[in-house]
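Under this note's numbering, residue 564 is the last one in the sequence shown; the count climbs by one each step, no gaps. Built from N, CA and C at the ideal position, the CB exists for glycine as well. Structure record follows, encoded as structure tokens.
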Amino acid sequence: MAARPHPVPLIDAGFSHLKSRVIERTGHFYYQDKDDLLWERVRKRLRATGLSDSSAYLTLLDDPISGPAEWGKLEAEITIGETFFFRYAEQFAALRETILPEIIARKAATRRLRIWSAGCSTGAEPYSLAILANEVLGDSLGTWRVSILGTDINDSFLKAAQQARFGKWALRSMPEEQRQLYFVDAGKEQWEVRREFRSLVRFERHSLLSLLDGTSPLELTDFDLILCRNVLIYFHPETVTQIVGALRDRLDDDGWMLLGHAEPNPIFSAMMQTLNLPGTVAYRRGAGTALLPMPAPVESKPDLQGWKPLLPDPIPEAPAPRPAPPRLAQVSHKALPLPASQPAGDLLGDIRTRANAGDFTAAASLCRKALATEPLNAVLHFYQGLVLRALGRPDEAEKSFLKSLYLDKNFAMAHYHLGLLMLAERRSAPGRRSLTHAAQSVAALADDHPLDEGDGVTARELRDLVRIHLDAASPSRRKA
Numbered sequence: 085m086a087a088r089p090h091p092v093p094l095i096d097a098g099f100s101h102l103k104s105r106v107i108e109r110t111g112h113f114y115y116q117d118k119d120d121l122l123w124e125r126v127r128k129r130l131r132a133t134g135l136s137d138s139s140a141y142l143t144l145l146d147d148p149i150s151g152p153a154e155w156g157k158l159e160a161e162i163t164i165g166e167t168f169f170f171r172y173a174e175q176f177a178a179l180r181e182t183i184l185p186e187i188i189a190r191k192a193a194t195r196r197l198r199i200w201s202a203g204c205s206t207g208a209e210p211y212s213l214a215i216l217a218n219e220v221l222g223d224s225l226g227t228w229r230v231s232i233l234g235t236d237i238n239d240s241f242l243k244a245a246q247q248a249r250f251g252k253w254a255l256r257s258m259p260e261e262q263r264q265l266y267f268v269d270a271g272k273e274q275w276e277v278r279r280e281f282r283s284l285v286r287f288e289r290h291s292l293l294s295l296l297d298g299t300s301p302l303e304l305t306d307f308d309l310i311l312c313r314n315v316l317i318y319f320h321p322e323t324v325t326q327i328v329g330a331l332r333d334r335l336d337d338d339g340w341m342l343l344g345h346a347e348p349n350p351i352f353s354a355m356m357q358t359l360n361l362p363g364t365v366a367y368r369r370g371a372g373t374a375l376l377p378m379p380a381p382v383e384s385k386p387d388l389q390g391w392k393p394l395l396p397d398p399i400p401e402a403p404a405p406r407p408a409p410p411r412l413a414q415v416s417h418k419a420l421p422l423p424a425s426q427p428a429g430d431l432l433g434d435i436r437t438r439a440n441a442g443d444f445t446a447a448a449s450l451c452r453k454a455l456a457t458e459p460l461n462a463v464l465h466f467y468q469g470l471v472l473r474a475l476g477r478p479d480e481a482e483k484s485f486l487k488s489l490y491l492d493k494n495f496a497m498a499h500y501h502l503g504l505l506m507l508a509e510r511r512s513a514p515g516r517r518s519l520t521h522a523a524q525s526v527a528a529l530a531d532d533h534p535l536d537e538g539d540g541v542t543a544r545e546l547r548d549l550v551r552i553h554l555d556a557a558s559p560s561r562r563k564a
């Protein structure tokens with residue numbers, strides 16, 4: 085008979101030591117001022133192991149036999165794994181139109197293309213790159229040596245990535261005709277990446293911190309392109325600078341680097357060339373490089389047809405909370421007072437898990453269960469709206485978004501997704517109003533301020549993407 089788990093208390097005396105160890109091992113400085121968020125994840129492991137407090141859990145982590153496996157499970161809890169194909173359409177437009185064509189023209193003699201997806205999560209990013217490389221190279225693909233490496237610290241993510249199977253949620257930005265081109269229907273609303281794209285990608289476990297202590301494999305070098313997106317937000321600013329410098333040193337001469345929208349830093353411009361492409365910023369190693377003609381940073385927007393810039397992952401992990409006046413209802417995950425048998429964090433995690441697997445009916449049922457206990461929780465109404473929209477029930481989804489906004493009129497992501505829903509329903513005027521409200525709700529925030537329920541998305545990023553959508557939906561654009 086399994087040991088009966090001890091009841092898990094509130095944050096205990098040993099938690100500060102545990103937090104220090106976690107940050108030291110993983111570099112995740114992100115949790116330095118987020119005790120409640122980290123504790124929510126630690127509690128899952130306490131319940132799973134039947135331990136009562138942080139001190140007992142540290143003893144388990146230090147055990148030479150069982151400790152390494154438990155560290156892996158804890159790291160899986162504290163890292164964000166939800167992602168989707170062709171995430172951040174602006175960057176993929178830049179890759180398609182500018183970056184990959186430049187690399188291919190410059191490497192025509194060697195016909196070798198090496199790409200590193202650092203912090204690849206469950207594999208959507210490296211497989212997206214494989215699909216894109218196939219599109220750009222076309223019939224000449226067979227004459228090129230294309231190598232795409234995906235690395236992550238999380239073993240469970242890497243196992244999922246190697247299986248190359250994804251649910252509807254991960255493919256939500258991809259039109260049906262393209263899904264059929266790149267995937268094989270694996271049944272049960274799962275799609276498997278076609279073999280010709282899988283063959284270009286391999287996965288390895290790797291910690292970015294190893295770049296700084298000399299333990300990173302020497303063969304991780306001479307890359308033509310490195311993507312390190314939505315990973316650096318975890319680290320201390322000084323560590324971020326060191327990691328970006330180390331990644332630069334792993335680039336080939338004139339190689340390219342793309343970081344997350346929330347992660348550019350003026351210091352990086354002193355390390356590499358900074359190139360302003362429509363909708364994004366790219367970096368290159370080497371200061372005297374003769375570039376191919378590049379789009380100037382003007383008002384024109386990238387061609388987003390087929391790859392709509394969805395912002396952000398609709399079922400995100402909890403980002404840093406924004407400062408705000410008291411609301412009618414507290415909306416952070418930790419504030420949801422559900423029964424002890426089903427804590428808020430667990431239930432929201434279950435909603436994400438169900439949605440990621442394409443089981444939107446079960447996700448909707450979990451939303452209803454949570455809302456029955458906490459009907460004034462704006463975040464739960466927001467999640468319910470996302471799930472209902474995925475179920476093809478736009479009228480109900482709209483009502484959920486509106487309830488969320490009734491409870492928190494400054495909820496930027498609710499305004500944003502309500503606007504996208506209305507535009508998809510060909511209701512241009514109210515859709516544009518909702519998107520405008522989304523931008524206005526973050527107008528007073530600093531550019532780099534992360535947004536609630538935004539998966540690290542910043543105020544500036546939201547404003548930029550709202551502008552893209554408004555431009556695409558403008559009457560003059562539709563007549564053109």
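- For glycine 156, the enclosing alpha helix (DSSP H) covers residues 151 to 162.
- According to the DSSP assignment, glutamate 276 belongs to the beta strand (DSSP E) that extends over 274 to 277.
- Every alpha helix (DSSP H) of 4 residues or more that sits fully in the stretch 95 to 142 is shown, in chain order, as 99 to 110 and 119 to 133.
- In the three-state scheme derived from DSSP, where H, G and I count as helix and E and B as strand, leucine 519 is classed as helix.
- A Cβ-Cβ distance of about 19 Å is found for the pair alanine 217 and leucine 255, leaving them out of contact under the 8 Å criterion.
- Minimum Cα-Cα distance from arginine 289 among the listed residues Gly329, Asp236 and Gly370 corresponds to Asp236.
- Beta-bridge partners of cysteine 312 (DSSP): Leu343.
- Under the DSSP definition of a beta bridge, glycine 234 partners with Ser201 and Phe287.
- The straight-line gap separating the alpha-carbon atoms of aspartate 338 and leucine 361 is approximately 17 Å.
- Inclusion of tyrosine 115 and leucine 130 in the CB contact set at 9 Å is not warranted, their separation being larger than that value.
- Our two residues, aspartate 531 and isoleucine 149, have alpha carbons roughly 46 Å apart in a direct line.
- Here phenylalanine 267 has Phe250, Leu255, Trp275, Glu276, Val277 and Arg278 as same chain residues with Cβ atoms under 8 Å from its own Cβ, once five neighbours each way along the sequence are excluded.
- In the DSSP assignment, asparagine 218 falls within the unbroken alpha helix (DSSP H) covering 208 to 221.
- Taken through DSSP and simplified to helix, strand or coil, glycine 370 comes out as coil.
- Listed in chain order, the non-local C-beta contacts of isoleucine 351 below 7 Å within the same chain comprise Thr325, local neighbours out to five positions each way being set aside.
- In this structure serine 201 is in contact with leucine 311, their Cβ atoms being roughly 5 Å apart against a cut-off of 8 Å.
- Leucine 361: member of the beta strand (DSSP E) spanning 357 to 361, first to last residue.
- A Cβ-Cβ separation of about 3 Å places glycine 203 in contact with valine 315 under the 8 Å criterion.
- In the DSSP annotation of this structure, the continuous segment of the beta strand (DSSP E) that includes alanine 270 starts and ends at 267 to 271.
- Taken atom to atom, the span from the alpha-carbon of isoleucine 188 to that of leucine 342 is near 17 Å.
- The DSSP-derived three-state label of leucine 486 is helix.
- Sixteen is the threshold: when 16 or more other Cβ atoms of the shown chains lie within 10 Å of the Cβ of proline 210, as they do, the residue is buried.
- Proximity to serine 518 across Ala528, Phe485 and His112 peaks at Phe485, based on C-alpha coordinates.
- In the three-state DSSP reduction, aspartate 532 falls in the coil class, being neither helix nor strand.
- Between lysine 487 and histidine 465, the C-beta spacing is below 9 Å.
- For aspartate 434, the secondary structure class from DSSP, reduced to helix, strand or coil, is helix.
- When the Cα atoms are used, leucine 505 and leucine 302 turn out to be separated by approximately 48 Å.
- A straight line joining the alpha-carbon of leucine 432 with that of valine 541 spans about 20 Å.
- For valine 365, the secondary structure class from DSSP, reduced to helix, strand or coil, is strand.
- Collapsing the DSSP output to three states places threonine 305 in coil.
- Sequence-distant Cβ neighbours of alanine 446 in its own chain, meaning closer than 8 Å and more than five residues away, are Arg438.
- DSSP places glycine 538 outside both helix and strand once states are collapsed to three, so it counts as coil.
- By the Cβ neighbour-count rule, glutamate 260 is exposed, with fewer than 16 other Cβ atoms within 10 Å of its own.
- Non-local beta-carbon contacts of arginine 195 in its own chain, meaning distances under 7 Å to residues more than five positions away in sequence, involve Thr227, Trp228 and Arg229 in chain order.
- With fewer than 16 neighbouring CB atoms inside 10 Å of its own CB, alanine 354 falls in the exposed class.
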